[in-house]
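Novice:
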DNA sequence: ACTTAGACTGAGACTGAGTCCCATTGCAAG
DNA sequence: CTTGCAATGGGACTCAGTCTCAGTCTAAGT
Ligand SMILES: [Mn+2]
Ligand SMILES: [Mn+2]
Ligand SMILES: [Zn+2]
Ligand SMILES: [Zn+2]
């Protein structure tokens with residue numbers, strides 16, 4: 001192990017998560033760390049079923065509670081897809097602003113990123129319309145409904 | 153009542169709905185008609201609670217079943233907003249393509265329409281990205297999260 | 001080292017929007 | 001009429017998600 005300055009990107013993320021949790025008097029326990037690890041490792045948003053499968057020793061009640069806590073701390077985002085199951089991914093300020101393809105057949109969620117210019121146009125149009133309606137926008141989500149390659 | 157050619161826009165809609173239902177061997181019963189009336193009359197998408205309030209004599213099980221049937225017939229669209237309650241509106245081929253402002257405080261849903269040009273740009277970008285992912289897109293939804301005027 | 005406050009855990013009870021069941025009723029075609 | 005389904009409605013049921021609570025862990029203070 002010649003590398004002593006060691007910290008990889010994943011370790012940096014864990015440090016950041018820990019700092020954010022500490023800021024609200026929360027601890028970065030093994031269960032929470034395992035959930036963050038899983039969310040980052042999986043390419044796509046993960047469901048409770050995914051967590052139960054990949055982390056069989058983490059009780060469901062703890063998984064649900066940890067996800068609520070991580071969401072409250074602004075570290076994790078809950079996604080309501082096309083099926084009845086919630087899914088979870090890293091919050092956008094830990095990754096980048098993006099959107100989703102939702103498979104109406106199997107419920108799979110795939111991340112996509114729009115061109116910056118188009119994203120800007122959308123945001124401006126939203127600001128415009130919202131102000132007319134007396135609505136204060138915090139953000140937006142664009143979901144594409146369709147059928148994924150595996151289900152075609 | 154001097155007007156004998158009578159059929160208003162609402163009547164035309166009812167006729168269209170009846171035709172579409174007949175096409176799939178379904179009947180346009182009083183309960184279903186009342187639900188369509190309510191959905192059209194209300195400016196915004198309606199929840200089951202709205203239906204229970206405005207149509208107190210329509211049993212919940214019938215309301216849910218009718219909504220499922222109307223959705224299957226492509227006449228009504230189910231909206232998953234920011235709260236835990238589903239809402240319902242006319243399907244887009246009975247109105248026009250549009251999107252929603254979602255109040256994160258009270259759950260209210262407000263219809264909005266984007267400029268046609270922007271809408272086209274979004275659709276094209278989606279086609280492009282989806283094809284790269286091997287995903288066959290059927291449509292999209294754009295939800296703006298924020299706080300409505302009443303909740304500000 | 002010991003204490004202590006409160007964050008955290010886990011097993012299970014509970015909630016409630018939405019679905020299913022089934023006996024009964026309505027309705028349209030022949 | 002009759003006959004085959006569509007439709008009804010009251011209530012039982014499902015199950016993802018939430019809540020409870022007694023016990024445990026952890027960090028900070030002394
Ligand atoms: Mn994502
Ligand atoms: Mn709408
Ligand atoms: Zn799929
Ligand atoms: Zn509101």
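Chains as they are written, first to last, in our numbering: chain A, 1 to 152; chain B, 153 to 304. Ideal Cβ placement from N, Cα and C applies to all residues, glycine included. Note that the coordinates shown come from a computational prediction; the quantities given were computed from them, not determined experimentally.
Given a threshold of 16 other Cβ atoms within 10 Å of its Cβ, counted over all protein chains shown, does residue 287/B qualify as buried or as exposed?
Specialist: Looking at its Cβ environment, which holds 16 or more other Cβ atoms inside 10 Å, residue 287/B is buried.
Novice: Does the separation of the CB atoms of residue 297/B and residue 43/A fall below 7 angstroms?
Specialist: Taking 7 angstroms as the Cβ cut-off, residue 297/B and residue 43/A do not qualify as a contacting pair.
Novice: Rank 91/A, 131/A, 65/A, 112/A by C-alpha distance to the C-alpha of residue 305/B and give the top, closest one.
Specialist: Not covered by the structure: residue 305/B. The range shown for chain B is 153 to 304.
Novice: Starting from the C-beta of residue 10/A, find all residues in its chain whose C-beta is less than 7 angstroms away, skip the five residues before and the five after it, and write them out in chain order.
Specialist: Cβ neighbours of residue 10/A beyond the five flanking positions: 40.
Novice: Does residue 137/A come within less than 7 angstroms of chain B when only Cβ atoms are used?
Specialist: Judged by the 7 angstroms Cβ criterion, residue 137/A is in contact with chain B.
Novice: For residue 19/A and residue 235/B, I'd like the C-alpha separation in whole angstroms.
Specialist: Each residue's Cα considered, the two are about 30 angstroms apart.
Novice: Hey, which unbroken runs of the beta strand (DSSP E) at 3 residues or more fall wholly within the stretch 235–294 of chain B?
Specialist: DSSP runs (the beta strand (DSSP E)) wholly in the stretch 235–294 of chain B: 238–242, 251–255, 261–264.
Novice: In terms of alpha-carbon separation, which member of 285/B, 301/B, 275/B, 304/B lies closest to residue 294/B?
Specialist: Answer by Cα proximity: 275/B.
Novice: Would residue 243/B and residue 230/B qualify as a contact pair, given that the criterion is a beta-carbon distance under 7 angstroms?
Specialist: No, Cβ-Cβ distance for residue 243/B and residue 230/B is not below 7 angstroms.
Novice: Hey, which residues come within less than 5 angstroms of ligand 4, measuring from Cβ to any heavy atom, in chain order?
Specialist: Those satisfying the condition are, in chain order, 255/B, 257/B, 258/B, 260/B, 300/B, 303/B.
Novice: Should the stretch 53–63 of chain A be regarded as contacting the stretch 21–34 of chain A, the criterion being three or more beta carbon pairs within less than 8 angstroms?
Specialist: Because the criterion of three Cβ pairs below 8 angstroms is met, the stretch 53–63 of chain A and the stretch 21–34 of chain A touch.
Novice: Tell me the residue span of the beta strand (DSSP E) that contains residue 192/B.
Specialist: From DSSP, residue 192/B is part of no beta strand (DSSP E) but of the alpha helix (DSSP H) over 182–193.
Novice: What's the C-alpha gap between residue 164/B and residue 175/B?
Specialist: Answer to the nearest angstrom: the Cα atoms are 17 angstroms apart.
Novice: Taking the C-alpha atoms as reference points, what is the distance between residue 81/A and residue 188/B?
Specialist: Looking at the two C-alpha atoms, the distance is approximately 26 angstroms.
Novice: Straight-line CA distance for residue 127/A to residue 88/A?
Specialist: In a straight line, the C-alpha of residue 127/A is about 27 angstroms away from that of residue 88/A.
Novice: For residue 49/A and residue 103/A, what's the separation of their Cα atoms in angstroms?
Specialist: Using only the alpha carbons, I get a separation of about 17 angstroms.
Novice: Between the beta-carbon of residue 262/B and the beta-carbon of residue 253/B, is there less than 7 angstroms?
Specialist: Taking 7 angstroms as the Cβ cut-off, residue 262/B and residue 253/B qualify as a contacting pair.
Novice: Under 8 angstroms Cβ-Cβ, which residues of chain B neighbour residue 106/A?
Specialist: By Cβ distance, chain B contributes nothing, its closest Cβ being about 12 angstroms from residue 106/A, past 8 angstroms.
Novice: Check residue 55/A in the structure and name its three-state DSSP category.
Specialist: In this structure, residue 55/A counts as coil in the three-state DSSP scheme.
Novice: What does a CB cutoff of less than 8 angstroms around residue 63/A pick up in its chain, not counting 5 residues either side in sequence?
Specialist: 31, 35, 48, 51, 52, 55.
Novice: Which residues in chain B have a C-beta closer than 8 angstroms to the C-beta of residue 121/A? List them in chain order.
Specialist: Those are 270, 273, listed as they occur along chain B.
Novice: Which of the three DSSP states is assigned to residue 67/A in this structure?
Specialist: Residue 67/A falls in the helix class under three-state DSSP.
Novice: If I measure Cβ to Cβ from residue 151/A and keep anything under 7 angstroms in the same chain, skipping five residues before and after, which residues do I get?
Specialist: These residues qualify, in order along the chain: 103, 105, 106.
Novice: Report, in whole angstroms, the separation of the C-beta atoms of residue 245/B and residue 178/B, which I expect to be a contact under 8 angstroms.
Specialist: At roughly 17 angstroms, the Cβ-Cβ gap does not stay under 8 angstroms, so residue 245/B and residue 178/B are not in contact.
Novice: Shortest alpha-carbon distance to residue 108/A belongs to which of 260/B, 267/B, 285/B?
Specialist: Comparing Cα positions, the closest option is 285/B.
Novice: Between the alpha carbons of residue 21/A and residue 160/B, how many angstroms are there, rounded?
Specialist: Their backbone Cα atoms lie some 60 angstroms apart in a straight line.
Novice: I'd like to confirm something about residue 241/B: is its beta-carbon nearer than 6 angstroms to some heavy atom of ligand 2, or not?
Specialist: The answer is yes for residue 241/B.
Novice: By the three-class DSSP mapping on this structure, what secondary structure does residue 176/B have?
Specialist: Note: residue 176/B maps to coil in three-state DSSP.
Novice: Can you tell me the Cα-Cα spacing of residue 38/A and residue 73/A, whole angstroms?
Specialist: The alpha-carbon atoms of residue 38/A and residue 73/A are separated by roughly 18 angstroms.
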